[in-house]
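So the sequence shown is residues 255 to 355, counted in this note's numbering.
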Amino acid sequence: MTLIIVLLGAAALIGIGLYGALSQQSFVMLMMGLELMLNGALLAIIGFWSLYLGGMPEGQLLAIIVMAVMAVEMAIGFALIVAVYRKRQADMTESIGTLKQ
């Protein structure tokens, strides 16, 4: 596969994730959009790594770090979602503004 095809796929994932993160009101859909954006960035990183570094371990290390960040982001995000739901019985993003009272 050429780099152009990989970057088009990465751009599509980032675009779909951005649309999902900005247009949805559910916390879970927001988290899924963020996850898609990170997957698009990871795909672009791996594409550049395979083309320019030719198998050097720095690209693999960066991909593993991005995957670890994605896992931590999802764990913290879902913990916050559960805390908000237990406190306010709300599962929509517009209800989060009432948490500061």
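Even for Gly, the Cβ is constructed at its ideal location relative to N, Cα and C.
Just so it is clear, the structure is predicted and the values come from calculations on it, not from any experiment.
So which of the options has the shortest CA-CA distance to residue i?
i	options	result
I258	M310, L305, I319, R340	L305
T256	L297, G271, Q279	L297
I300	G331, G287, I318	I318
G263	L288, Y273, G294, G331	G294
G331	Y273, L272, E289	E289
In whole angstroms, give me the CA-to-CA distance for residue i and residue j.
i	j	result
W303	L267	18 Å
G287	G313	24 Å
L261	S277	24 Å
Roughly how far, in whole angstroms, is the beta-carbon of residue i from the beta-carbon of residue j, given that I think they are within contact range, below 8 Å?
i	j	result
L292	V320	7 Å
M285	M328	6 Å
Decide if the segment 323-338 is in contact with the segment 277-285; the criterion is three or more beta carbon pairs, one per stretch, under 8 Å apart. At 8 Å Cβ cutoff, the stretches touch.
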